[in-house]
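Engineer: After the structure tokens below, expect a handful of questions from me.
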Amino acid sequence: MSLVQPSHPQTLASAVADSLVVAADPQAPESSIFYWERGRPYTRAVVDAVRDVDDVEVRRLAEALLADTRNPRAYAALHRALTALAAAPPSDKVAALFAHGWRAESNCRLGSHLGALYGTRPVRRWASFEELRTLPPGPPPGDPARAQILVVVPFRDRTPDRTRLRNLLACLASLRDQSAPREEYRVLVVEADTEPRSQQVIEPYADDYLWVHKDGLFNKSWAVNVGVVNAPGDPEVVCILDADVLADRDFVARNARRFNRPGTMGHLSYRDMWCLDAESTAYAIEQRLAQGSAQVDPDRLRAFVLRRPPGCCVWVRRSAFLRIDGMDERFEGWGGEDNDFSYRMDTNSAFDSYDDPLLHMYHPSSALLRADGELINAHIPALTWRAETPIGDPKRFVDGPAPASYDGEVRLATQVMTGITEREASSA
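At position 6 of the sequence shown (counting the first as 1) the number is 6 in the UniProt record's numbering, and the numbers step up by one without a gap.
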């Protein structure tokens with residue numbers, strides 16, 4: 001028996017089956033192209049090992065799952081067969097299969113969740129923000145002076161289908177339906193764009209709305225800083241929340257209570273982030289908002305699981321945020337700013353992490369990569385942010401976007417993913 005590799009048959013079966021889904025599903029790299037690419041050698045090794053295993057039925061069931069990764073029945077059938085195989089004395093090829101499965105599970109930051117009831121109650125609505133506008137906005141906010149908690153949601157959506165705006169409205173509606181006293185928290189949306197593109201849609205659902213002029217790439221760090229510095233009132237605690245998060249009913253109260261612990265200056269509320277597919281997003285909105293459930297049933301969801309990602313939901317004391325000059329405003333475009341902020345919080349503060357559920361609603365990827373596959377902000381050294389002017393200046397980009405900090409070739413991550421998935425399919 002190994003001290004570092006589990007022997008429980010169901011654990012080993014899950015490691016193999018989940019790795020096959022991550023290797024074969026075209027949505028896996030869309031959830032996180034970086035995590036997927038770094039884990040690809042390990043998941044491909046599992047695919048090769050299962051095709052070489054000396055069990056005809058396992059090979060057949062594995063091919064069925066590889067061909068239809070969205071099918072809970074195909075997943076369950078393979079999982080049962082693998083569990084039985086793991087419980088018996090293994091052949092060399094079986095032992096190799098489970099060793100590769102656990103190696104992939106241990107070295108990949110992208111996992112898979114396929115609920116047993118996924119797809120059994122498909123939801124045919126909530127694809128557009130217009131449908132979300134039929135939901136009541138919820139109770140209005142109280143006096144800003146009484147609110148001890150500020151939730152800042154940075155936002156921009158220029159996409160034709162406005163999927164991100166749909167997600168934002170669902171996020172805001174979930175924040176209006178909270179167990180925490182309404183006067184204890186306020187929600188501010190900062191729209192950073194060349195015009196207040198979504199103001200009329202957002203304002204009924206947000207406690208406060210702020211438009212700031214920003215052309216060029218989206219600058220999340222600056223938008224967050226603008227919100228923290230310019231929000232009404234004098235909040236003690238700030239939550240930096242992505243617009244794609246669907247919050248459960250106890251989200252605010254549970255995280256606020258954590259600041260009652262002595263020495264607490266901030267925390268990540270989650271360990272893993274569930275990136276829902278489009279169908280699961282519609283179901284989650286239906287159950288959480290239309291049906292008024294406190295949380296969403298995971299058995300009905302399909303998601304790719306990002307392990308220990310930073311930044312989608314961060315809670316900090318405002319004093320700790322200001323002490324490190326907020327988020328690094330040099331970051332333009334997608335990627336890197338959340339890591340840097342978490343590093344600096346962890347270096348300068350007592351910074352915790354918890355294991356709450358975190359549901360990320362689906363939207364097409366807009367990640368930009370350099371030609372070498374790295375983030376466009378990869379050249380910015382971590383832990384080096386020192387603001388030379390006051391942070392969160394709403395007029396910083398009125399005269400135009402900042403000079404590009406990286407002026408080389410860039411491409412959409414979806415372009416990279418298309419080439420990858422085509423090559424994967426041809427080699428299968």
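Glycine included, C-beta positions come from ideal geometry on N, C-alpha and C. From a predicted model like this one, the values you see are computed outputs, not experimental measurements.
Could you pull out every unbroken alpha helix (DSSP H) segment of at least 4 residues lying fully inside the region 191 to 277, listed in chain order?
Structural biologist: Counting whole runs of 4 or more residues, the region 191 to 277 contains the alpha helix (DSSP H) stretches 199 to 202, 220 to 230 and 251 to 257.
Engineer: Can you check which of these residues, Pro401, Asn107 and Ser7, is closest to Thr43 by C-alpha distance?
Structural biologist: Considering only alpha carbons, the answer is Asn107.
Engineer: How about the region 235 to 243 and the region 147 to 165: do they share at least three Cβ pairs that are nearer than 8 Å?
Structural biologist: Segments in contact, yes.
Engineer: Where do the ends of the beta strand (DSSP E) carrying Trp315 lie?
Structural biologist: Taken as a continuous stretch (DSSP letters only), the beta strand (DSSP E) holding Trp315 covers Cys313 to Arg317.
Engineer: Would you report the Cα separation of Leu383 and Asn377, rounded to the nearest angstrom?
Structural biologist: Their Cα atoms are separated by approximately 13 Å.
Engineer: Tell me the rounded alpha-carbon separation between Trp222 and Glu329.
Structural biologist: Distance between the alpha carbons of Trp222 and Glu329: 5 Å.
Engineer: Quick one: Cα of Tyr5 to Cα of His79, how far?
Structural biologist: Contrary to the premise, residue 5 reads as Gln rather than Tyr in this sequence. Approximately 18 Å, taken between the alpha carbons.
Engineer: Grab the span of the alpha helix (DSSP H) containing Asn340 for me, first residue to last.
Structural biologist: It should be noted that the sequence gives Asp, not Asn, for residue 340. Where Asp340 is concerned, the enclosing alpha helix (DSSP H) stretches over Glu337 to Asn348.
Engineer: Can you grab the Cα-Cα spacing for the pair His213 / Pro394, in whole Å?
Structural biologist: Approximately 8 Å, taken between the alpha carbons.
Engineer: Which of the three DSSP states is assigned to Phe98 in this structure?
Structural biologist: Three-state DSSP puts Phe98 in a helix.
Engineer: Going straight from the alpha carbon of Ala76 to that of Ala45, what length do you get?
Structural biologist: Rounded to the nearest angstrom, the two C-alpha atoms are 21 Å apart.
Engineer: Below 8 Å on the Cβ atoms is my contact criterion, and I expect Ala64 with Ala74 to pass it. Report the Cβ-Cβ distance as a whole number of Å.
Structural biologist: Their Cβ separation, rounded to whole angstroms, is 5 Å, which keeps Ala64 and Ala74 in contact under 8 Å.
Engineer: Touching or not, the region 138 to 150 and the region 183 to 196, by the rule of three or more beta carbon pairs under 8 Å?
Structural biologist: The region 138 to 150 vs the region 183 to 196: in contact.
Engineer: Please classify His379: is it buried, with 16 or more other beta-carbons within 10 angstroms of its beta-carbon, or exposed?
Structural biologist: Per the 10 Å Cβ criterion, exposed.
Engineer: Just to confirm the assignment, what range does the alpha helix (DSSP H) spanning His79 have?
Structural biologist: Residues Pro72 to Ala87.
Engineer: When DSSP labels each residue in this structure, what does residue 443 get in the three-state scheme?
Structural biologist: Because the chain here runs from 1 to 428, residue 443 falls outside it and cannot be looked at.
Engineer: Classify Arg302 as helix, strand or coil using the three-state DSSP reduction.
Structural biologist: Strand.
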